[in-house]
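Trainee: This is the structure I have questions about; it appears just below.
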Amino acid sequence: MTETGAGDQPALFDGGRPARPRAAGKDPVTQDRPVALVQVDTGLAHLDRPFEYTVPESMAAGAQAGTRVKVRFAGQDLGGWVLGRRDAAEHPGRLTPLRRLVSPEPVLTPEVLDAARGVASRYAGTLGDVLRLAVPPRHARAEQALPAEPPPAPDPPAAAEDADAAWAAFPAGPAFLARLRAGDAPAASVLALPAVDPARAWPGLLAAAVRATVDSGRGALVVVPDHRDVTRAAAALEAVLGPGRHVRLTADQGPQARYTAFLKALRGHVPVVVGTRAAAFAPVRDLGLVAWWDDGDDLLDEPRAPYPHVREVLLARAAREGSAVLAAGYTRTAAVADLVGRGVLRPVEADRATVRAAVAPVRVAGEGADLERDGATAAAHLPSVAWRAAKEALATGPVLVQVPRRGYLPSLSCQDCRRPARCRHCAGPLALTGPQGPPACRWCGRVETAFACPACSGTRLRSSVVGARRTAEELGRAFPGVPVERSGAGTVLERVEDGPRLVVSTPGAEPVAPTGYAAALLLDAWALLDRPTLDAGEEALRRWCAAAALVRPGGDGGRVVLAGAPTHVPMPAVEALVRWDPAWFADRELTERRELALPPTARLAALTGTREAVTATLGGLELPPTASSLGPLPHGEDRWRALVTVPVDDAPALARELAAARAHASARKATDPVTVRVDPRDPTS
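Quick note on numbering: the sequence shown equals residues 38 to 722 in my numbering.
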């Protein structure tokens with residue numbers, strides 16, 4: 038690096054012999070590989086490359102590849118990563134010395150660096166952005182408190198056969214575990230079965246695969262959506278590995294706890310890491326297995342640039358480190374189905390007889406005899422068939438009630454013409470937050486005291502959607518004397534006791550019952566199916582299956598009622614739930630997306646910004662002939678979006694063009710930069 042920071046760059050010079058490294062100041066330059074390649078954390082796309090610095094003698098021993106340093110760059114002190122050392126500089130001018138060695142701990146391993154580069158390339162991002170996701174901030178006290186050498190490994194529990202129980206239901210299960218124990222690297226997508234026994238439920242399924250990998254002398258990395266899943270998976274891991282053999286790694290642990298967990302993996306104190314998406318880059322030694330649960334959960338999508346999905350991070354690591362792959366879930370997303378179809382993953386599924394024995398039967402309210410017997414009440418928020426199922430099930434255990442929306446009455450409409458009720462100030466949706474008081478806007482918070490429909494001048498309001506809070510009130514009146522508990526935003530329950538009780542939950546917040554729920558009521562199915570998103574059906578099925586999987590099998594009296602689903606047209610997601618056939622639905626979804634050239638069968642990039650900026654960026658891209666574009670089109674207030682699609686074979690070319698466009702905008706200090714997202718979950722959101 039030159040003394041003036043970023044002013045002199047190797048690409049600007051045509052010739053000249055490489056200069057002998059010199060350092061400013063009194064600390065002489067080391068003679069052992071005196072030039073360090075440093076990835077400086079500038080946050081600027083056009084400077085996302087290594088720069089050369091000299092290594093002072095005092096830092097020679099510590100400034101090794103993977104360590105953190107401080108450097109002088111463009112007149113300011115910035116952090117950076119040492120990517121390597123070399124004997125001579127390529128830059129012909131004078132180099133600046135490293136400013137400070139932050140820590141001699143090589144926290145950026147070569148394997149993680151290689152995977153980070155792959156992820157940055159895949160998502161048209163910068164290496165600096167990915168490294169900020171990969172390595173947590175340093176905590177000096179944690180670094181000093183943890184012993185450098187790992188303690189002796191405790192003996193694992195002797196009964197390894199019990200750990201394999203979860204895989205007994207799958208014809209290919211024993212072979213998969215045997216390959217893991219043999220040190221092989223199989224890759225599979227398993228459709229988990231509902232189970233009340235923790236050893237046979239999905240945490241036991243993942244734990245058994247981890248145990249088989251550890252038996253081969255390798256490490257494992259497990260990523261799950263949230264902290265409740267981490268708790269369940271960690272308990273299953275301790276049951277099969279014994280205490281002290283795994284560590285949790287989540288973003289909400291706190292700086293010291295998170296960095297300690299990271300260092301335990303780095304220094305080899307534990308062979309297994311389980312955590313949320315923050316753990317996807319954990320530096321597990323001798324990584325033999327990467328596994329993730331519930332591919333469709335949006336918590337596995339990173340909300341920070343370059344917005345990678347855990348699936349792609351773990352696949353990148355597996356490809357570079359030669360590890361096995363396990364994608365597990367009650368359902369299978371189109372992206373995982375595409376991997377299965379291309380032979381990247383092998384399907385592991387139970388036979389139909391085993392599936393039928395494991396699941397609770399599903400009944401769709403409002404079909405056939407229900408409509409004839411109950412009339413209009415068959416399509417009510419809580420139809421008669423759901424009420425009867427709950428009443429019967431409460432005699433033997435708890436009943437789960439899944440409601441798609443939180444709140445009281447989160448959506449209102451005109452009583453006369455059914456037009457959605459909107460705020461007169463910002464056009465946001467009007468809602469009721471409780472049984473009393475006037476409606477208020479969910480966007481700006483203004484109270485509406487004199488509603489008048491702009492279409493028909495009606496002044497009366499009705500509920501369009503009933504929230505979890507209002508549902509709990511209705512159930513409390515319908516079943517007097519029965520305890521009603523709520524689990525959702527603000528208060529998420531992990532477990533509920535056995536015995537008669539109603540548990541009202543929003544999707545993803547369902548607590549676990551020790552012996553399973555006696556029944557589950559899945560209300561307002563249309564609210565999930567009617568979402569204007571690409572993955573509406575896929576997401577609806579995933580949420581329904583997650584709730585239905587908590588119910589006892591049909592042989593033990595369990596039952597599921599789906600209410601509010603349209604009955605006048607075939608709905609593939611409903612059919613897949615009734616048959617419990619998520620593989621069929623995933624293949625169907627993948628076929629439709631292939632016909633429409635949508636991800637995952639094509640690569641799609643969304644460019645969002647001002648109309649002028651998006652238009653200029655789109656016009657400056659040198660796209661392959663196979664590319665197609667749409668837009669720019671309005672995308673919210675003062676924002677515009679364009680979509681660019683290319684076949685998967687041309688994805689690298691698209692990513693390079695997008696990265697170059699970002700670098701160009703960064704170099705000219707654009708005041709209206711365009712946000713680039715590759716393969717967003719929903720291109721329209």
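Ideal Cβ positions, reconstructed from N, Cα and C, are used throughout, including at glycine.
Report the rounded CA-to-CA distance for residue 269 versus residue 587, giving the unit in angstroms.
Mentor: Each residue's alpha carbon lies about 14 Å from the other.
Trainee: If you run the structure through DSSP and keep just helix, strand and coil, what is residue 69?
Mentor: The answer is coil: DSSP assigns residue 69 none of H, G, I, E or B.
Trainee: Taking Cβ to Cβ, would you say residue 676 is nearer than 8 Å to residue 668?
Mentor: No, Cβ-Cβ distance for residue 676 and residue 668 is not below 8 Å.
Trainee: Opposite residue 522 in the DSSP bridges: which residues?
Mentor: DSSP lists 540 as partners of residue 522.
Trainee: At 3 residues or longer, and completely inside the segment 233-264: list those beta strand (DSSP E) runs for me, N to C.
Mentor: For the segment 233-264, whole beta strand (DSSP E) runs of length 3 or above, ordered along the chain, are 256-260.
Trainee: Please state whether the Cβ-Cβ distance between residue 200 and residue 248 is less than 8 Å.
Mentor: Taking 8 Å as the Cβ cut-off, residue 200 and residue 248 qualify as a contacting pair.
Trainee: Which residues in the same chain have their Cβ closer than 7 Å to the Cβ of residue 185, if we skip the five residues on either side of it in sequence?
Mentor: Excluding sequence neighbours, residue 185 sits near 304.
Trainee: Identify whether residue 490 lies in helix, strand or coil by the three-state DSSP scheme.
Mentor: In the structure shown, residue 490 sits in coil (DSSP, three-state: anything other than H, G, I, E or B).
Trainee: With distance defined between alpha-carbon atoms, name the residue in 346, 520, 203 nearest to residue 273.
Mentor: The shortest C-alpha separation from residue 273 is found at 203.
Trainee: Identify whether residue 299 lies in helix, strand or coil by the three-state DSSP scheme.
Mentor: It is helical.
Trainee: Output the distance between the C-alpha atoms of residue 702 and residue 682, rounded to the nearest integer angstrom.
Mentor: C-alpha separation (whole angstroms): 21 Å.
Trainee: What number of angstroms, rounded off, separates the C-alpha of residue 32 from the C-alpha of residue 127?
Mentor: Within the shown structure, residues of the chain are numbered from 38 to 722, placing residue 32 beyond reach of any answer.
Trainee: Determine the contact status of residue 477 and residue 468, defining contact as a CB-CB distance below 8 Å.
Mentor: Result yes, Cβ atoms of residue 477 and residue 468 sit closer than 8 Å.
Trainee: Can you name, in chain order, every residue of its own chain whose Cβ lies under 6 Å from the Cβ of residue 591, other than the five neighbours on each side?
Mentor: Excluding positions up to five away in sequence, the list reads 397, 398.
Trainee: Rounded to whole angstroms, what is the Cα-Cα separation between residue 604 and residue 215?
Mentor: So the alpha carbons of these two residues sit roughly 46 Å apart.
Trainee: With burial defined as no fewer than 16 other Cβ atoms inside 10 Å of the residue's Cβ, what is the status of residue 553: buried or exposed?
Mentor: Residue 553 comes out buried.
Trainee: Kindly provide the ranges of any beta strand (DSSP E) runs that are 3 or more residues long and lie completely inside the segment 613-665, ordered along the chain.
Mentor: You should have 639-646.
Trainee: With a Cβ-Cβ cutoff of 8 Å, do residue 102 and residue 120 count as a contact?
Mentor: Going by C-beta atoms, residue 102 is nearer than 8 Å to residue 120.
Trainee: What three-state label does DSSP hand residue 579 in the structure shown?
Mentor: Residue state, collapsed to three classes: helix.
Trainee: Is it buried or exposed, residue 422, if we count other Cβ atoms within 10 angstroms and call 16 or more buried?
Mentor: It counts as buried.
Trainee: To which residues of the same chain is residue 37 closer than 6 Å at the C-beta, ignoring the five residues directly before and after it?
Mentor: An answer regarding residue 37 cannot be provided, because it is not within the stretch 38 to 722 covered by the chain.
Trainee: Would residue 542 and residue 385 qualify as a contact pair, given that the criterion is a beta-carbon distance under 8 Å?
Mentor: Result no, Cβ atoms of residue 542 and residue 385 do not sit closer than 8 Å.
Trainee: Kindly indicate which residue of 556, 81, 697, 331 has the alpha-carbon position closest to the one of residue 111.
Mentor: Closest by alpha carbon: 81.
Trainee: Short check: CB of residue 514 to CB of residue 450, under 8 Å?
Mentor: Cβ distance not < 8 Å, so residue 514 and residue 450 don't count as in contact.
Trainee: In whole angstroms, what is the alpha-carbon distance linking residue 578 and residue 613?
Mentor: Each residue's alpha carbon lies about 8 Å from the other.
Trainee: Under DSSP, the beta strand (DSSP E) around residue 63 begins and ends at which residues?
Mentor: No beta strand (DSSP E) holds residue 63; DSSP gives it neither H nor E.
Trainee: Residues bridged to residue 140 by DSSP?
Mentor: Paired residue(s): 105.
Trainee: In the structure shown, what three-state DSSP assignment does residue 415 receive?
Mentor: With a pLDDT of 48 at residue 415, under the threshold of 50, the predicted position of this residue should be treated as unreliable, and no value is reported.
Trainee: In terms of residues, what are the limits of the alpha helix (DSSP H) holding residue 347?
Mentor: Residue 347 -> alpha helix (DSSP H) spans 347-358.
Trainee: For residue 210, which option in 192, 191, 194, 230 has the closest C-alpha, if you only look at C-alpha atoms?
Mentor: Nearest of 192, 191, 194, 230 to residue 210, Cα basis: 230.
Trainee: Using the Cβ count rule (16 or more neighbours within 10 Å means buried), how would you classify residue 267?
Mentor: It counts as buried.
Trainee: Could you check if residue 716 is buried or exposed, using at least 16 other CB atoms within 10 Å of its CB as the buried criterion?
Mentor: Buried: at least 16 other Cβ atoms inside 10 Å.
Trainee: Quick check on the burial criterion: 16 or more other C-beta atoms within 10 angstroms. Buried or exposed for residue 706?
Mentor: Flag for residue 706 reads exposed.
Trainee: Does the distance from the C-beta atom of residue 657 to that of residue 712 stay below 8 Å?
Mentor: No, they are not a contact pair.
Trainee: Please tell me whether residue 89 and residue 150 are closer than 8 Å, where the distance is taken between their beta carbons.
Mentor: No, they are not a contact pair.
Trainee: The beta strand (DSSP E) spanning residue 329 covers which residue range?
Mentor: Where residue 329 is concerned, the enclosing beta strand (DSSP E) stretches over 324-330.
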